[in-house]
Amino acid sequence: MNRAPKEFIDSLLFVSAAIVCVTLLNRMKGDQVIIEHDQYIEFEERPFRLVTALIRKQLGY
Numbered sequence: 012m013n014r015a016p017k018e019f020i021d022s023l024l025f026v027s028a029a030i031v032c033v034t035l036l037n038r039m040k041g042d043q044v045i046i047e048h049d050q051y052i053e054f055e056e057r058p059f060r061l062v063t064a065l066i067r068k069q070l071g072y
């Protein structure tokens, strides 16, 4: 979902939210991702771990 409509909907519902954008490729080397499946899964989980760590820090856990 585009950022502006999502922020508008969240503000109507009084929901605090953040958007994390991640890129898995270097366009200077091409536009295809050629990595192992395990590495892809690790990259996919990194933003979640980062956001989880930030939330835990903010909550004092």
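Numbering of the sequence shown is given in my numbering, commencing with residue 12 and proceeding in unit increments.
Ideal placement from N, C-alpha and C gives every residue a C-beta, glycine not left out.
These figures come from a predicted structure and were not determined experimentally.
At least three beta-carbon pairs within less than 8 Å, the region 54 to 65 to the region 14 to 26: no
Given Val33 as reference, the closest of Pro16, Glu18, Lys40 and Tyr51 once Cα atoms are compared: Counting from 1 along the sequence shown, the entry for residue 33 is found at position 22. Among Pro16, Glu18, Lys40 and Tyr51, the Cα nearest to that of Val33 belongs to Tyr51.
Span separating the alpha-carbon of Val44 from that of Leu70: On the sequence shown, position 33 is the one that residue 44 refers to. On the sequence shown, position 59 is the one that residue 70 refers to. Rounded to the nearest angstrom, the two C-alpha atoms are 36 Å apart.
First and last residue of the uninterrupted alpha helix (DSSP H) at Ile45: Within the sequence shown, numbered from 1, the residue matching residue 45 stands at position 34. Where Ile45 is concerned, there is no enclosing alpha helix (DSSP H), given that its DSSP letter is neither H nor E.
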